[in-house]
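Student: Below are the structure tokens for one structure; questions will follow.
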Amino acid sequence: MKVHPLPRKRNIALRYDVASSVLAQSNTCRQKKLRRLPHVFEKVLELPFHSNADVSISETPHSLRFAVATDDIGGDVRADAVEIYPGVTKIVVRGDGVVDGPGTEFELDLWRFRLPDLVRPELASPAYEDGELVVTVPKGSAEMERSGRYWKWEPFFGNVKSLKKKKNK
């Protein structure tokens, strides 16, 4: 953990901790309030569950698979790719039986996952079978598909150190 040094103060008495109570008050006033940032990530998956839902994420060479056990969603499930801002896409999964609970009307407490760059959110396909919702998001870019090239698969969730060791051997 990095510890950032305190900025130099103009008042020497506070710098040498003569008045520690005044220093503590000035530290709390100096901290900036956290502001909501614009959309930093280009692709996001949003499921109609609370943020603490137990979602199983698995990765294959060709797709990312999200699975969650639920009885709240009906048989008709759809995934809509919503372009929030040019270049920023959000996949919203909706079903017939989803009842909006408290906090969902403002989309505050919903389960979200930031997707890597190589996925194609517009091709996401949800399916509901036997009490389990499965959303599959394929990997690959349109440019690679047009050119016929295939990419080398490296796990998105893999350990970077173990990948470097394997490459060096």
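In the working numbering, the protein residues as written are 37 to 205.
C-beta atoms are modelled at their ideal positions from N, C-alpha and C, and glycine is treated no differently.
(1) If you count every other CB in all the chains shown that lies within 10 Å of the CB of Ile120, and 16 or more means buried, which is it?
(2) Using C-beta distances below 6 Å, list every residue in its chain close to Ser92, excluding the 5 sequence neighbours before and after it, in chain order.
(3) Return the residue from the list Asp112, Ser99, Asn88 that minimises the CA-CA distance to Leu151.
(4) Exposed or buried, Pro122, counting other C-beta atoms within 10 Å across all chains shown (16 or more means buried)?
(5) Look at the Cβ atom of Ala105, then the Cβ atom of Gly167, and state whether they are nearer than 7 Å.
(6) Based on the DSSP secondary-structure assignment, which residues constitute the bridge partners of Phe102?
(7) Looking only at its own chain, which residues have a Cβ that is under 6 Å from the Cβ of Ser161, when we skip the five neighbours before and after it?
(8) So, with DSSP's three-state summary, where would you put Glu78?
(9) Would you mind stating whether Pro157 and Ile127 have Cβ atoms separated by less than 7 Å?
Tutor: Reading off the structure:
(1) As a position in the sequence shown, residue 120 is number 84, starting the count at 1. Exposed, because fewer than 16 other Cβ atoms sit within 10 Å of the Cβ of Ile120.
(2) Counting from 1 along the sequence shown, the entry for residue 92 is found at position 56. If we look at Ser92 and ignore the five residues flanking it on each side, its Cβ neighbours are Ala103.
(3) Indexing the sequence shown from 1 puts residue 151 at position 115. Considering only alpha carbons, the answer is Ser99.
(4) Taking the sequence shown and counting its residues from 1, one reaches residue 122 at position 86. Counting the other Cβ atoms within 10 Å of the Cβ of Pro122 gives fewer than 16, which makes it exposed.
(5) Counted from its first residue, the sequence shown places residue 105 at position 69. Counted from its first residue, the sequence shown places residue 167 at position 131. Between Ala105 and Gly167, the C-beta spacing is below 7 Å.
(6) Your numbering for residue 102 matches position 66 in the sequence shown. Here Phe102 is bridged, per DSSP, to Ile93, Val171.
(7) As a first step, residue 161 is located in the sequence shown; it is residue number 125 there, counting from the start. Hits under 6 Å: Thr172.
(8) For this step, residue 78 is matched to residue 42 along the sequence shown. Coil, per DSSP.
(9) As a position in the sequence shown, residue 157 is number 121, starting the count at 1. As a position in the sequence shown, residue 127 is number 91, starting the count at 1. Yes; because the gap between Cβ atoms is below 7 Å, this pair is in contact.
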